[in-house]
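Student:
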Amino acid sequence: MYQSSWSSLGIFPNRCRQVRLYHHIISVIIQGIVAVLLLIRTYALYGRDRRVLALLLTIGCTGGAVGLWAITVGAARQGHKTANVPARSQFVVHGTGCDTTLSQQQGYDLALTWGSMLVFDATVFVLTLSQAFKSGRTWKGGYIHVMLRDGSVYFGVLLVFHSFNILTLALAGPAYRGITVSLTNVISSTLVTRLMLNIRDPDLHERACRWDFEEIDV
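Per the numbering used here, the sequence shown starts with residue 859, numbered consecutively.
1. Could you give the distance in angstroms between the alpha-carbon of L903 and the alpha-carbon of P1032?
2. Would you report the Cα separation of I917 and Q889, rounded to the nearest angstrom?
3. Just to confirm the assignment, what range does the alpha helix (DSSP H) spanning L960 have?
4. V982 and T900: beta carbons closer than 7 Å?
5. Quick one: does the C-beta of A934 sit closer than 6 Å to a heavy atom of the ligand SAH?
6. If we ignore side chains and look at the alpha-carbon of each, how far apart do L1016 and D907 end up?
7. Nearest to C874 by CA position, among T959, G1009 and A1028, is which residue?
8. Examine the Cβ distances between the stretch 880-888 and the stretch 1038-1050 and report whether three or more of them are shorter than 8 Å.
9. Rounded to whole angstroms, how far is the Cβ of L852 from the Cβ of L1027, which I believe are closer than 8 Å?
10. Quick one: what does DSSP say T916 is sitting in, helix, strand or coil?
11. Quick check on the burial criterion: 16 or more other C-beta atoms within 10 angstroms. Buried or exposed for V924?
12. Going by beta-carbon coordinates alone, are D979 and N1056 separated by less than 7 Å?
13. Taking a contact to mean a Cβ-Cβ separation below 7 Å, would you say W972 touches I1024 in this structure?
14. Exposed or buried, what is T986 when buried is set at 16 or more other beta-carbons lying within 10 Å of its beta-carbon?
15. What residue range does the alpha helix (DSSP H) around N1056 cover?
16. Under 8 Å by Cβ, that's how I've got G965 and R1035 pegged, so tell me the actual separation to the nearest angstrom.
17. Answer with buried or exposed for V1050, where buried requires no fewer than 16 other C-beta atoms within 10 angstroms of its C-beta.
18. Have a look at L1082 and I929 and give me their C-alpha separation to the nearest angstrom.
19. Just mark S1046 as buried or exposed, buried being the case when its beta carbon has 16 or more other beta carbons within 10 Å.
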C-alpha cells in the first residue's frame, strides 16, 4: 500500500534525502557567491588593501567551513537517527510528500552558520562605514556615497532576515525551522546584484541624459 502510494507520487526516500541536502547546499553556494561579491567590492573600496582582503577571507572561509560542517554533521546525525527505521518512513510523509523538517540539533547547527554569515555582513558594513568617515565630504555624491547608501540598505534588510533565520532555526518548532531561508537567499542575491550594478561611472548617467535630451530636441 505504502509503496504504491510513493510510486504514484513519484516520491522515494533517496529522493527526499536529496531534496533536503539540495536546499542546504544551494544556500551555501548562494551565500558564498554573495560573500565573494561583497569581498571584491570592499577590497576595491580600500584600494586593494591586502589586510582587508585577509580579514574578509578569514571570516568568509570560517563561515563557509561552519556551513559545510553543519551540513555534513546534520546528514550524519540524520543517517544515524534513521538507521533502524524502515526506509519507507524515514523521509516520506504518507499522502503529503517529503518530510523536510529539521531536528532541534540541526536547527542549532544551521543557526550557527547563519550567525557566521551575519558576522561577515556586519564586518563589510563596518569597513564601508569606516572608509566613508575617513573620506569625509570629499566623496559626497561619488562612489563612497553610493556604496555607503546601498551598503546600509543591504545590511539593514539582511540583518532582519538573518535574525529571523537564526531565531526560527534555534527556537521555532520543527515545522517552522528555517522557514525564511529560501526567501533570504532570494533577497540577498537580489540586493547584492543591485549593489554591484549600481557602481558605475557617473558620467554614463549624464551621457544617457544628454542623449535623451538630444533625441527630444530632434
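Backbone N, C-alpha and C fix where the C-beta goes; we use that ideal spot for every residue, glycine too.
All values reported here derive from a predicted model rather than from experimental measurement.
Tutor: In short:
1. 42 Å
2. 13 Å
3. Segment: none, L960 is in no alpha helix (DSSP H) and carries neither H nor E.
4. yes
5. Looking for the ligand SAH in the displayed structure turns up nothing, as the structure carries no ligands at all.
6. 26 Å
7. T959
8. yes
9. Residue 852 lies beyond the stretch modelled for the chain, which goes from 859 to 1076, so this question has no answer here.
10. helix
11. buried
12. no
13. yes
14. buried
15. First-last for N1056: undefined, no H or E at that position.
16. 5 Å
17. buried
18. Residue numbering for the chain in the displayed model covers 859 to 1076; residue 1082 lies beyond these limits and cannot be assessed.
19. buried
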